[in-house]
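Engineer: Got a structure here, written out as structure tokens. Questions coming.
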Amino acid sequence: MGYDLKEAMDFLVTLNDEARKPHITEIAGKTYCDKDLVRYGKEEMASPLTATSLNSLIDYINEKQDEFRESMIIHVESPTKVRLLSGLTKERNREELFTVTTNPNGFQFDYPYDQECFIINMQTAFEQTKETAIILTVAGNVENKTVANYGDDGTSQKATISKGIAGKEDVIVPNPVILRPYRTFLEVEQPESKFIFRIKEGRDGTPMFKLIEADGGLWKYEAVASIKAFLKERIDSNLDIAIIG
């Protein structure tokens, strides 16, 4: 009886060992394995440093060339993200040494704001220009419960605003308006875009305001080009670094 038990245990151990072995199968010319294999001796890669300004990236590049591989690439991935990568290694990988990200604008486009929130956001999330001032003047003085007095011809709107202590005035809200919201790194010039400015009456009769992007996303290409130009001007030209975007 003991012999039979030992034989059974040996059989189970054999089954367990067999189950743990990876099984390689070829199907339609492709090789598959039924186990996750951990490779030993894999090339080690550094974890990227992170920052929120382009100047931090420039300082790193100009002062830490000893950490670079033979060739390096700056990838301007978007208006809010730039990465410093190595050229291809022998195993066709890229090492990421530095990543810069920014999120300078909390303004939500195509979203209705009440009067106070809209005015605050217009003052903090946009460069102050002549057209910004016009919008602030209108938004800050529109009369409550005057939706009947808002005119809308599909392009511009007419709104009644307060003027002085007792006076009122009908004004045309220009559309589209050209504004420069903070949407990319603050070191570069913020691209200007067209926006549609709309006013509507809220549930309690108070005015609501929103801006709708109207340039089809063209500002992103302008922002990427500005970032590339900014970096090229400030990075040592003797370094073998390609800037793409």
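Read in order, the letters of the sequence shown are residues 1369 to 1613 in the numbering used here. All C-beta atoms, glycine included, are put in the ideal place defined by N, C-alpha and C.
Report the residue from 1399, 1480, 1424 whose alpha carbon sits nearest the alpha carbon of residue 1569.
Structural biologist: Your numbering for residue 1569 matches position 201 in the sequence shown. That would be 1480, whose Cα lies nearest to the Cα of residue 1569.
Engineer: For residue 1446 and residue 1496, I'd like the C-alpha separation in whole angstroms.
Structural biologist: The sequence position of residue 1446 within the sequence shown is 78, counting from 1. The sequence position of residue 1496 within the sequence shown is 128, counting from 1. Going from the Cα of residue 1446 to the Cα of residue 1496 covers about 24 Å.
Engineer: By the three-class DSSP mapping on this structure, what secondary structure does residue 1435 have?
Structural biologist: Translated into the one-based positions of the sequence shown, residue 1435 becomes position 67. In this structure, residue 1435 counts as helix in the three-state DSSP scheme.
Engineer: Can you give me the Cβ contacts of residue 1462 inside the same chain, cut-off strictly under 8 Å, excluding the 5 residues immediately before and after it?
Structural biologist: Numbered from its first residue, the sequence shown carries residue 1462 at position 94. Once the five neighbours on either side are set aside, the close Cβ partners of residue 1462 are 1441, 1453, 1454, 1455, 1456.
Engineer: For the 8 Å Cβ check, are there 3 or more pairs between the region 1578 to 1585 and the region 1555 to 1566?
Structural biologist: Verdict: yes, contact present.
Engineer: What do you reckon, are the CB atoms on residue 1560 and residue 1594 nearer than 8 Å?
Structural biologist: Looking up residue 1560 in the sequence shown gives position 192. Looking up residue 1594 in the sequence shown gives position 226. No; because the gap between Cβ atoms is not below 8 Å, this pair is not in contact.
Engineer: Kindly indicate which three-state DSSP category residue 1481 falls into: helix, strand or coil?
Structural biologist: Indexing the sequence shown from 1 puts residue 1481 at position 113. Strand.
Engineer: In angstroms, rounded to a whole number, what distance separates the CA positions of residue 1554 and residue 1597?
Structural biologist: Position 186 of the sequence shown, counted from the start, is the residue given in the question as residue 1554. Position 229 of the sequence shown, counted from the start, is the residue given in the question as residue 1597. About 14 Å.
Engineer: Looking only at its own chain, which residues have a Cβ that is under 7 Å from the Cβ of residue 1475, when we skip the five neighbours before and after it?
Structural biologist: Here the question's residue 1475 lines up with position 107 in the sequence shown. Cβ neighbours of residue 1475 beyond the five flanking positions: 1489, 1493, 1549.
Engineer: Within a Cβ cutoff of 6 Å, which residues of the same chain sit near residue 1591, ignoring the five residues on either side of it in sequence?
Structural biologist: Walking along the sequence shown from the start, residue 1591 turns up at place 223. So the qualifying residues of the chain are 1447, 1552, 1559.
Engineer: With residue 1589 as the anchor, note down where its alpha helix (DSSP H) starts and where it stops.
Structural biologist: Translated into the one-based positions of the sequence shown, residue 1589 becomes position 221. That run of the alpha helix (DSSP H) goes 1586 to 1602.
Engineer: Between residue 1411 and residue 1547, what straight-line distance do the alpha-carbon atoms span, to the nearest angstrom?
Structural biologist: Locating residue 1411 in the sequence shown gives position 43, counting from the first residue. Locating residue 1547 in the sequence shown gives position 179, counting from the first residue. For residue 1411 and residue 1547, the distance between alpha carbons rounds to 48 Å.
Engineer: Within the same chain, show all residues whose beta-carbon is closer than 7 Å to that of residue 1508, passing over the 5 residues directly before and after it, in chain order.
Structural biologist: To locate residue 1508, count along the sequence shown from 1; it is residue 140. Closer than 7 Å at the Cβ level, and outside the excluded window around residue 1508, lie 1487.
Engineer: Could you tell me the alpha carbon to alpha carbon distance between residue 1399 and residue 1485, rounded to whole angstroms?
Structural biologist: Residue numbering aside, residue 1399 sits at position 31 when the sequence shown is read from its first letter. Residue numbering aside, residue 1485 sits at position 117 when the sequence shown is read from its first letter. The alpha-carbon atoms of residue 1399 and residue 1485 are separated by roughly 59 Å.
Engineer: Going by DSSP in three states, residue 1556 sits in which element: helix, strand or coil?
Structural biologist: Indexing the sequence shown from 1 puts residue 1556 at position 188. In the structure shown, residue 1556 sits in coil (DSSP, three-state: anything other than H, G, I, E or B).
Engineer: Between the Cα of residue 1510 and the Cα atoms of 1443, 1482, 1600, 1499, which residue gives the shortest distance?
Structural biologist: For the purposes of this step, residue 1510 is taken as residue 142 along the sequence shown, with counting starting at 1. Ranking the options by Cα distance to residue 1510, first place goes to 1482.
Engineer: Tell me whether residue 1395 is buried or exposed, calling it buried when 16 or more other Cβ atoms sit within 10 Å of its Cβ.
Structural biologist: Here residue 1395 is taken as the residue at index 27 of the sequence shown, counted from 1. Counting Cβ neighbours within 10 Å, residue 1395 comes out exposed, since fewer than 16 surround it.
Engineer: What residues in its chain sit with their C-beta under 7 Å from that of residue 1534, if we drop five residues either side in the sequence?
Structural biologist: In the sequence shown, counting from the first residue as 1, residue 1534 sits at position 166. Caution applies to residue 1534, whose pLDDT of 44 falls short of 50 and renders its modelled position unreliable; the value that the coordinates give is listed next. Here the set comprises nothing.
Engineer: Return the Cβ separation of residue 1416 and residue 1467 in integer angstroms, given the expectation that the two are a contact with Cβ distance under 8 Å.
Structural biologist: For this step, residue 1416 is matched to residue 48 along the sequence shown. For this step, residue 1467 is matched to residue 99 along the sequence shown. Indeed, because the Cβ distance is near 5 Å, the residues count as touching under 8 Å.
Engineer: Can you tell me whether DSSP reads residue 1463 as helix, strand or coil?
Structural biologist: As a first step, residue 1463 must be located in the sequence shown, where it is residue number 95. Looking at residue 1463 - three-state DSSP - the assignment turns out to be coil, as it is neither helix nor strand.
Engineer: The alpha helix (DSSP H) spanning residue 1568 covers which residue range?
Structural biologist: Residue mapping note: residue 1568 aligns to position 200 of the sequence shown, counting from 1. Per DSSP, residue 1568 belongs to no alpha helix (DSSP H); it is in the beta strand (DSSP E), 1561 to 1569.
Engineer: For the candidate residues 1544, 1437, 1449, whose alpha-carbon lies nearest to that of residue 1503?
Structural biologist: The count along the sequence shown starts at 1 and reaches residue 1503 at position 135. Measuring from the Cα of residue 1503, the nearest candidate turns out to be 1544.
Engineer: Just tell me which of 1610, 1599, 1397, 1612 has its CA closest to the CA of residue 1421.
Structural biologist: Here the question's residue 1421 lines up with position 53 in the sequence shown. The shortest Cα separation from residue 1421 among 1610, 1599, 1397, 1612 belongs to 1599.
Engineer: Apart from the five residues just before and just after residue 1532, which ones in its own chain have a Cβ nearer than 7 Å to its Cβ?
Structural biologist: In the sequence shown, counting from the first residue as 1, residue 1532 sits at position 164. In this prediction, residue 1532 scores a pLDDT of 45, lower than 50, which makes its location untrustworthy; the coordinate-derived value is nonetheless stated afterwards. Cβ within range, chain order: n/a, list empty.
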